[in-house]
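Notes follow once the structure below has been shown.
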Amino acid sequence: LVDGFVDKQAFQMADGTFGDLEAWNGVTVNDDNQVVSISWYLDTDFESMWTEEIGHAVGRPLISGGSIELKWLPPSLREVTITSMRFRGSMDTFSLPAELVTLSLFGNRLFGSIDISGLPKTLCDVTRGRNNFHGTLNIPLLPRMLRILNVSFNRFDGSVDLRSLPQKMEYIKLDNNRFSGPIDLSFLPSSLRKVLLEKNSFRQPDLRVARDLPNLSELSLDAGAFDSIVGTDGIPLKIVRRVDSTILASH
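To convert, note that position 42 of the sequence shown is 1376 in our numbering; the numbers rise steadily by one, no gaps.
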C-alpha cells in the first residue's frame, strides 16, 4: 500500500524496518491487530518545516506525494480518509474492503473510471472530490446505505439518473464536472440536505423538483440551464440568490 509513497520513513525505524502497525500515524487497529481505520491528511505545518534530518520516525506526520495502490487496502478496513495527500493511482472498486463504511479520497491525483457496481454495499460516505476521475457514473447502482456522495471537481461526463437515489442520502455533490443532458429531480429522497449540480452542461426547458424535501438547505444549479424550475406541483421554486453563474434555489 505504501510502497509508492514519497515518504515511507514515517512508518520505519532507524534501521529501515517497518514499525508495528499500531504505531503508524493515522492507523487504528482492533484487538486482533487488524487495521480498521486509516486517516492520512496533509499536515501543512509539518510539511513546511520538513528537513531530511527528521528522517525515520514511526508515528510522525506523513509527507505528501507519490503513488498509492488502493487494491492493497487491508480487507478488515472500515474507514479510510486520505485527504490532500497528492497521491496518484487508480481504483478498482471490486477490490475494495467488503465492509468499508467510509471512503474519503478528497484532494488527491487519482485517475481512471469508477465502476459503481463494485462499491461495497456497506458504504455510507463516498468522497472523491478534487481528483482526475473520468467516465460515466451509473448512479442507480449506488449502495443503498449511502448518505454522502461527493465527486465534485473531477472529469466525469455523460448523463445522470437521479430518480432512484438511496433513501437515506443527505448530500450529493456532482458540481464542477462535465455531466450533460436532461435531469429529473422529481424523485429526490426527503432526507436530502444539499444537492450541488452547478458547473456542468445540463440543459432542458423545464426542471421539476420534488416537493417533499423538508431538510433541503441548498440546491445549486447553473443559471440559464433551465427555462423554468418548478416543484412537482407546478409551483416555481424560489431563487434565493445568484452567485456568479450559479443559482441557489429553495421551496
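Glycine is no exception: its CB is placed at the ideal position from the N, C-alpha and C atoms. Every value quoted in this text rests on a predicted model; they were computed, and no experiment measured them.
- Here the alpha carbons of Arg1481 and Lys1502 stand approximately 6 Å from one another.
- For Ser1486, the closest of Leu1376, Asn1442, Asp1426 and Arg1497 by C-alpha to C-alpha distance is Asn1442.
- Taking the C-beta atoms as reference points, Leu1404 is found no nearer than 8 Å to Gly1389.
- For the pair Glu1532 and Asp1561, the CB atoms are not nearer than the 8 Å cut-off.
- If you draw a 10 Å sphere on the C-beta of Ser1438, you find 16 or more other C-beta atoms in it, and that means buried.
- Restricted to the stretch 1408-1489, not a single alpha helix (DSSP H) segment is unbroken, complete and at least 4 residues in length.
- Take the alpha-carbon of Ala1432 and the one of Glu1413: they are about 11 Å apart.
- Using a 10 angstroms sphere on the CB of Ser1493, the tally of other CB atoms stays under 16, which defines it as exposed.
- Taking 3 residues as the minimum length, the beta strand (DSSP E) runs contained wholly in the stretch 1549-1575 are 1552-1556 and 1560-1565, in order along the chain.
- With a beta-carbon spacing of about 6 Å, Phe1352 and Gln1346 fall inside the 8 Å limit used to define contacts.
- Leu1411 sits away from Leu1376, with the two beta carbons spaced by 8 Å or more.
- If you draw a 10 Å sphere on the C-beta of Pro1500, you find 16 or more other C-beta atoms in it, and that means buried.
- Ranked by Cα distance from Met1383, the options Ser1373, Leu1396 and Ser1371 are led by Leu1396.
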